[in-house]
Amino acid sequence: MWMPFQKWRTRVERQKGEALRQAMASPPVVEGERQIGRTFLTVEYRGDLGVVGRDELRTFCPTGNGWSFEEETCHYLYRRGEIPARAAVHGGVDNPVARWMRETFDAEQVATAMRAADVGPDGDLRGVDEEILFAGHPSAIPVLLENVELVTVDSRACPALHQAVRALDRGRIGWRTDILAVGDDDRPRPPRPHAITATYALEILTGRGFLTMSGDDETLEAAVSPAVKAAEACLGR
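Residue numbers (the working numbering): 118 to 354.
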């Protein structure tokens, strides 16, 4: 049952992204203030097993009359979410996620599903639907939510973050409009094997409303990375 167990471990790890999105869906509570607009920057960090971390950047302003606010009194909250506890530990310190993963693995149910799919104990599981293979297994979301770690950087205590956000607001982002299979296409470079990659989503205000740009493009990364790096420096990372 080594292969099914490894697939179960992987399935648990891959639910971290959804757990982080749920944990960070609601904005932080800041007494006497409210969030203005939507989350204007989101960063998701991905590894071989899916999302390993999530950052977000929001604007908060003191509560005024109605929906009015004074821009000079606003500040920016950068929040980072991670689930450091891994489903697999190899000679390291055990953790609640790894214990839950081991305790909830139902070898008998998996064996039944494999027999129904005509797959032997050491057979190839790639053609077996995971929903069938792990039918009856619980969702890992509750235990992952219990192990989410959130840290926040307030631009009032991090001048570099304040300056980076202000610079981003005054900046410009430009791309060549490249449509696949039309004209000469740029060749995307593959990521380094096993590297952690970042996907960015930046929401800006235009003359016709909000516009969201997302992806791991170097131009977008260059525009937002000063704010990310400033927050990381203030977190001591």
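Glycine included, C-beta positions come from ideal geometry on N, C-alpha and C.
Same chain, Cβ closer than 8 Å to residue i, neighbours up to 5 away in sequence not counted
i, result
"D69", "Any property of residue 69 remains undetermined from this structure, which presents the chain solely from 118 to 354."
"M231", "P121, G237, P238, G240, L242, V245, L250"
"A215", "A202, R203, A204, A205, V206"
"D333", "T314, A315, T316, Y317"
"I258", "Q132, E135, A136, Q139"
Integer Cβ distance of residue i from residue j, believed to fall under 8 Å
i, j, result
"V160", "Y317", "6 Å"
"L261", "Q132", "6 Å"
"A202", "P213", "6 Å"
"C275", "A344", "In fact, because the Cβ distance is near 10 Å, the residues do not count as touching under 8 Å."
"R356", "T269", "Any answer about residue 356 is impossible in this case: the structure gives the chain only from 118 up to 354."
"G288", "A340", "6 Å"
"E173", "M218", "That belief does not hold up - the Cβ atoms of E173 and M218 are roughly 27 Å apart, past 8 Å."
Cutoff 8 Å: residue i Cβ touching any chain C Cβ
i, result
"V168", "No chain C appears in the structure shown, which is made up of a single protein chain."
Alpha-carbon spacing of residue i relative to residue j, whole angstroms
i, j, result
"Q226", "G170", "32 Å"
"R163", "A315", "6 Å"
"Y193", "G167", "28 Å"
"V147", "T180", "10 Å"
"V206", "L137", "21 Å"
"R293", "D223", "52 Å"
"I290", "E338", "10 Å"
"A233", "N264", "35 Å"
"T190", "S331", "29 Å"
"G149", "D295", "46 Å"
"T156", "P310", "31 Å"
"L158", "E320", "6 Å"
"P308", "E187", "43 Å"
"L278", "W125", "40 Å"
"F327", "L285", "16 Å"
"A298", "R325", "30 Å"
Bridge partner(s) assigned by DSSP for residue i
i, result
"V270", "Y195"
"A315", "Y162"
"F327", "L322"
"V168", "R163"
"C178", "R151"
"G332", "Y317"
"E173", "T159, R196"
Local conformation of residue i per DSSP, three classes
i, result
"E187", "coil"
"F251", "coil"
"G300", "coil"
"G134", "helix"
"C351", "helix"
"P201", "coil"
"I258", "helix"
"L242", "coil"
"T156", "strand"
"F222", "coil"
"E338", "helix"
"P308", "coil"
"H207", "coil"
"W292", "coil"
"A142", "coil"
Same chain, Cβ closer than 6 Å to residue i, five either side skipped, listed in chain order
i, result
"E199", "G170, E266"
"A281", "P343, A344, A347"
"S272", "H192, Y193, L278, H279"
Contacts around residue i, its chain only, beta-carbon distance under 7 Å, and the 5 residues preceding and following it disregarded
i, result
"T221", "H254, P255"
"G154", "T176"
"P144", "Q152, R175"
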